[in-house]
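Notes for the one structure printed next.
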Amino acid sequence: MIDGVVVVTGVGGYWGSRVASRLATETDLHVIGLDAQPPRMEIQGLDYIQADVRNPLLSKLLAAENVDTVCHLAFLDTLRPSETAFDLNVLGTAHLLGACAEAKVRKVVLKSSTAVYGARPINSAFLTEDAPFRGSQRMGYIRDMVEIESFCRGFRREAPDLILTILRFAHIVGPTADTPMNSYLRQPWSPSLLGFDPMMQLIHESDVVAALVHAVYFDAPGLFNVGAEDPMPLNKVRGLADKPPIAVFHPLLYWSMDLLGRRAFRGSHYPPIDADYVRYPCVGDLTRMRRDLDFRPHYTAEDALRELAEHKRLAGQMPESTILAQSAERLEDIIEQRERAREHRVRSGLRAGEGEEDGR
Amino acid sequence: MGVEETRVRCQAFTRAGAQCKNLAQPESEYCHLHQPRAQGDEHGGSDEELRQELLDELAELTERVQDATPAYQPPPFSRQRLRELVEELVHRFPGEMGTGAREQFRDLLNADLPDKEALKGFWYVLNYTAQYQADVAKRHVAGEYDTDEWGLDWEFVEAVRPFLSFLYKAYWRVETVGLDKIPVEGRALLVANHSGQLPWDGTMITTAVLTDHPAQRLVRCLYADWIPRLPFFSSWLVRLGQTLETEDNGTRLLEQGHLVAVFPEGDKGIGKLYKDRYQLARFGDGGFVRMALTTQSSIIPVSVVGAEETYIALARSRTLATVTGLPYVPITPRFPWLGLLGLVPLPSKWYIDVGEPIALDRFGSDAAHNLVLVAQLTDHVRNAVQDMVHERLAQRRSVFF
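Chains as they are written, first to last, in the numbering used here: chain A, 3 to 362; chain B, 35 to 435.
Following this line, the structure appears as structure tokens:
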């Protein structure tokens with residue numbers, strides 16, 4: 003448990019704004035949001051500073067604000083490898099970590115992905131956190147993440163006093179987030195591979211936010227795979243998400259990825275999930291998540307997929323905002339969350355008022 | 035019965051010949067239903083007692099179906115249609131079980147048990163069973179099925195079971211000796227010799243334990259790392275509960291109390307030429323011993339005799355292996371000349387012998403780091419398997435009979 007100043011980077015993005023709003027409403031922490039763009043919705047209690055993570059004076063800011071913890075979520079996820087994204091993701095993270103070490107920040111929390119292990123035929127059914135990085139080089143978001151993780155491995159030795167928590171999330175699904183798995187399951191034509199049915203590990207978007215908040219609030223140094231506890235075959239995932247059973251001969255998908263990855267096809271469609279990841283398993287072992295991080299996802303993968311499927315079915319009938327507004331489950335989550343936040347405030351006696359912000 | 039297997043589905047048959055797996059829900063346990071039967075077999079209860087037991091069991095089954103799906107309504111009852119339904123369902127049971135069930139049911143229907151209520155109970159349960167099986171395919175497309183965390187799908191196991199039991203009983207006429215040495219529950223590591231170009235030996239060890247072992251446990255074989263690259267084959271094996279040969283996988287399975295089978299000879303064993311048959315290849319670096327030592331499981335040596343004669347490998351083709359990316363491609367009198375027909379194995383006569391378990395609990399769990407001990411145990415197990423193979427070969431009179 004911590005108290006002090008928390009910096010959340012990337013509050014202009016989806017993950018940054020959700021994590022920052024939960025931290026700001028549910029804890030006593032002073033939350034500073036850092037991003038080039040301001041958050042799309044106003045977050046009550048958030049202290050927004052317009053600054054990029056690559057800003058040369060970042061360490062001065064961190065030192066001046068006496069920052070205790072940094073939660074780094076300023077990533078640009080691109081499907082094709084992109085130099086702009088690489089610059090923000092890898093160089094930005096390296097710069098931020100350097101600044102944190104210089105400003106004597108106590109803890110850094112990073113969001114990563116189990117995709118860094120790579121889906122390989124020789125993978126064990128459950129990959130522990132010390133598995134080597136063999137992530138795909140064809141996907142921008144995986145390539146950058148592998149670079150970041152490799153950098154962190156060296157950084158850990160250079161700054162042994164800094165608590166570095168890296169959460170590697172399984173494929174993220176849910177009704178609102180824009181993630182590769184979500185696009186894969188939403189696009190009607192995205193195929194599976196003929197004769198391959200690997201085990202998949204998923205996690206609900208709300209559990210991603212919950213895990214990040216958990217890692218900011220409680221100290222758990224090290225690497226953690228985070229995913230729902232029911233891995234399932236890809237065909238079951240597709241069935242539950244209402245996808246038609248389309249399968250292609252596997253060389254076809256590799257071939258088309260090579261072709262579409264070329265410069266001439268920039269701007270055209272590119273598969274959101276690398277062919278290897280629908281061919282071979284890439285499932286994290288969750289022992290450390292349960293034991294050392296002491297975190298349990300709220301949603302099972304099956305529930306998450308059913309929610310996504312409901313959302314997909316309704317999307318044909320009414321606009322997106324109506325679906326979100328009518329979802330009873332979502333409102334229930336919000337009510338619960340606000341209830342928790344209110345209780346917390348009353349208990350700590352710091353703030354007694356009720357917020358206008360919706361907590362999500 | 036193994037806890038993890040029965041969690042998904044009970045493998046035993048009820049007295050009516052119906053398999054309670056058809057009604058199993060993931061969160062309920064059916065096994066206690068069959069415990070009374072096991073005891074009954076021991077003290078040989080009278081007919082009257084058995085009938086009463088059967089009626090109780092039936093009532094309970096009906097209740098469970100009603101609990102699970104309160105809305106289910108079977109079609110109207112008649113004796114004739116009940117008989118037809120039984121005939122139809124009985125075909126789905128493997129071999130003797132089907133015949134047994136049919137006989138039992140015929141006795142039951144012919145005046146032996148004129149109790150109309152009991153028959154109506156049968157009608158209800160059987161109809162539910164038939165309907166449940168009919169929409170297996172439909173449910174699979176919609177993703178409405180359960181697997182364990184390794185990908186084991188019991189409905190798939192049931193679907194291929196008739197084929198496996200044909201190979202086991204009719205094609206290779208496998209004689210299995212010493213299955214009682216495999217524990218009824220809890221972890222154990224089976225270590226067997228590998229032979230026969232295609233992993234039929236693992237398939238038959240699994241089938242043997244699944245059909246003839248009292249607890250009908252599912253053996254988790256660890257397969258070689260070139261198999262995941264093959265389409266269809268890899269996903270079938272995963273659905274049958276088999277998994278890749280890594281130390282992490284084996285250790286985790288054993289920790290969970292599964293029955294694991296390994297073939298430490300690996301590709302060197304399965305791809306060996308006909309002239310080298312029954313000469314065990316080198317046993318790798320002893321990864322299987324480390325798995326057993328870490329989890330304190332006993333090692334049970336198993337020998338398979340007969341699999342070497344399923345394909346007569348005269349030579350290995352390096353060119354074909356490079357082209358296909360496979361670790362070895364055998365040249366046999368029929369393959370690759372006859373194409374896929376050359377893949378049909380020869381119907382040799384097989385023997386599977388299960389040896390005395392080698393207990394490892396006298397070593398501490400950190401003994402896995404003792405390289406000398408691991409090497410010694412590896413040799414010990416290898417010799418045990420080789421001795422069993424030789425013993426069986428000395429007794430064998432013919433390859434085919």
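Glycine is no exception: its CB is placed at the ideal position from the N, C-alpha and C atoms.
Discussion item. If you reduce the DSSP assignment to three classes, tell me which class A:Arg145 lands in.
Written reply: Helix at A:Arg145.
Worksheet item: Taking the C-alpha atoms as reference points, what is the distance between A:Ala303 and B:Lys172?
Response: Each residue's Cα considered, the two are about 21 Å apart.
Worksheet item: To the nearest angstrom, how far is it from the Cα of B:Leu198 to the Cα of B:Met238?
Response: Here the C-alpha atom of B:Leu198 lies approximately 8 Å from the C-alpha atom of B:Met238.
Worksheet item: Per DSSP, what kind of secondary structure is A:His173 in: helix, strand or coil?
Response: Correct three-state label for A:His173: strand.
Discussion item. Give me, in chain order, the residues of the same chain whose beta-carbon lies closer than 6 Å to that of B:Arg431; leave out the 5 immediate sequence neighbours on both sides.
Written reply: The same chain holds no residue with a CB closer than 6 Å to that of B:Arg431 once the five nearest residues on each side in sequence are set aside.
Worksheet item: Does B:Leu278 get closer than 8 Å to chain A when you measure Cβ to Cβ?
Response: At least one chain A Cβ lies under 8 Å of B:Leu278.
Item to complete: Determine the chain A residues that contact B:Asn283 at a beta-carbon separation under 7 Å, and present them in chain order.
Response: Under a criterion of Cβ atoms nearer than 7 Å, the residues of chain A adjacent to B:Asn283 are, in order, Ser126, Ala127.
Worksheet item: What residues of chain A sit near B:Arg263, judged by a beta carbon separation below 8 Å?
Response: Those within 8 Å of B:Arg263 in chain A are Pro123.
Item to complete: Using a Cβ cut-off of 9 Å, pull out every chain A residue sitting near B:Glu192, in sequence order please.
Response: Going along chain A, no residue has its Cβ under 9 Å from B:Glu192, so there is no contact; the nearest lies around 17 Å.
Worksheet item: Excluding sequence positions up to five away, which residues of its chain have a Cβ less than 6 Å from the Cβ of A:Ala53?
Response: Result list for A:Ala53: Leu36, in chain order.
Worksheet entry | Segments of 4+ residues assigned as alpha helix (DSSP H) that fall wholly inside the segment 88-113 of chain A | Segments of the alpha helix (DSSP H) lying fully in the segment 88-113 of chain A: 94-104.
Discussion item. I'd like to know whether the C-beta of A:Tyr301 is nearer than 8 Å to at least one C-beta of chain B.
Written reply: Closer than 8 Å: no.
Practice prompt. Indicate the three-state DSSP secondary structure (helix, strand or coil) for A:Pro235 in the structure shown.
Written response: In this structure, A:Pro235 counts as strand in the three-state DSSP scheme.
Worksheet item: If we cut at 8 Å on Cβ distances, does B:Asp90 have a partner in chain A?
Response: Not one chain A Cβ lies under 8 Å of B:Asp90.
Discussion item. Give me the DSSP bridge partner(s) of B:Gln410.
Written reply: Among the bridge pairs identified by DSSP, B:Gln410 is matched with none.
Practice prompt. Per DSSP, which residues does A:Gln52 bridge with? Please list them.
Written response: Beta-bridge pairing links A:Gln52 to A:Asp37.
Worksheet item: Looking at C-alpha atoms only, which residue of B:Val191, B:Gly236, B:Thr96, B:Gln165 is the closest neighbour of B:Trp384?
Response: The residue with the shortest Cα to Cα distance from B:Trp384 is B:Gly236.
Fill in: B:Gly321 in three-state terms, based on DSSP
Look at B:Gly321 here: in three-state DSSP terms it is helix.
Worksheet item: Which residues share a DSSP beta bridge with B:Leu223?
Response: The partner list for B:Leu223 (beta bridge, DSSP) reads B:Val294, B:Ile333.
Worksheet item: Is any heavy atom in the ligand NAP found nearer than 7 Å to the beta carbon of B:Val225?
Response: Judged by which ligands are present, the structure shown has none, so any question about the ligand NAP falls away.
Practice prompt. Please classify A:Thr11: does DSSP put it in a helix, a strand, or coil?
Written response: Assigned with DSSP and collapsed to three states, A:Thr11 falls in strand.
Worksheet entry | C-alpha distance - A:Ala327 paired with A:Glu312, whole-angstrom precision | Each residue's alpha carbon lies about 14 Å from the other.
Discussion item. For A:His252, would you say it is in contact with chain B, using Cβ-to-Cβ distances shorter than 8 Å as the test?
Written reply: The beta carbon of A:His252 falls within 8 Å of a beta carbon belonging to chain B, placing the residue at that interface.
Worksheet item: Smallest Cα separation from A:Phe171: which of A:Leu112, A:Asp199, A:Ala222, A:Pro193?
Response: If you compare the alpha carbons of A:Leu112, A:Asp199, A:Ala222, A:Pro193 with that of A:Phe171, the shortest gap goes to A:Leu112.
Practice prompt. Step through the CB atoms of chain B and report whether any lies within less than 8 Å of the CB of A:Thr130.
Written response: Yes, its Cβ sits closer than 8 Å to a Cβ of chain B.
Fill in: Minimum C-alpha distance to A:Gly318 - residue among A:Pro190, A:Gly197, A:Ser126
Among A:Pro190, A:Gly197, A:Ser126, the Cα nearest to that of A:Gly318 belongs to A:Pro190.
Worksheet item: What does DSSP give as the partner residues of B:Val338 in its beta bridges?
Response: Answer is B:Ile386, bridged to B:Val338.
Practice prompt. For B:Lys55, count neighbouring C-beta atoms within 10 Å of its own C-beta (all shown protein chains included) and say buried if the count is 16 or more, exposed if not.
Written response: Here B:Lys55 scores only 47 on pLDDT, less than 50, and its place in the model should not be relied on; the value that follows carries that caveat. Its Cβ being crowded by 16 or more others within 10 Å, B:Lys55 is buried.
Worksheet entry | Where B:Ala349 sits in the DSSP three-state scheme | In the structure shown, B:Ala349 sits in a strand (DSSP, three-state: E or B).
Worksheet item: Nearest to B:Pro110 by CA position, among B:Leu89, B:Tyr162, B:Arg98, B:Glu83, is which residue?
Response: Among B:Leu89, B:Tyr162, B:Arg98, B:Glu83, the Cα nearest to that of B:Pro110 is on B:Tyr162.
Practice prompt. Measure the alpha-carbon distance for A:Ile325 versus A:Asp89 and round it to whole angstroms.
Written response: Those two C-alpha atoms are separated by around 36 Å.
Item to complete: With a 10 Å radius around its C-beta and 16 neighbouring C-beta atoms as the bar for buried, classify B:Trp12 as buried or exposed.
Response: The shown model of chain B, from 35 to 435, leaves out residue 12 of chain B, and the question about it has no answer.
Item to complete: Express the C-alpha separation of A:Gly18 and A:Arg159 in angstroms, rounding to a whole number.
Response: Looking at the backbone, the Cα of A:Arg159 and that of A:Gly18 are separated by about 27 Å.
Item to complete: Closer than 7 Å by beta-carbon distance: list the chain B residues that pair up with A:Leu196, in chain order.
Response: By Cβ distance, chain B contributes Pro265.
Fill in: For A:Leu225 and B:Ala315, the rounded distance between their alpha carbons
Taking the straight line from one Cα to the other gives about 40 Å.
Item to complete: May I ask you to report which of helix, strand or coil DSSP gives A:Phe226?
Response: Three-state DSSP puts A:Phe226 in a strand.
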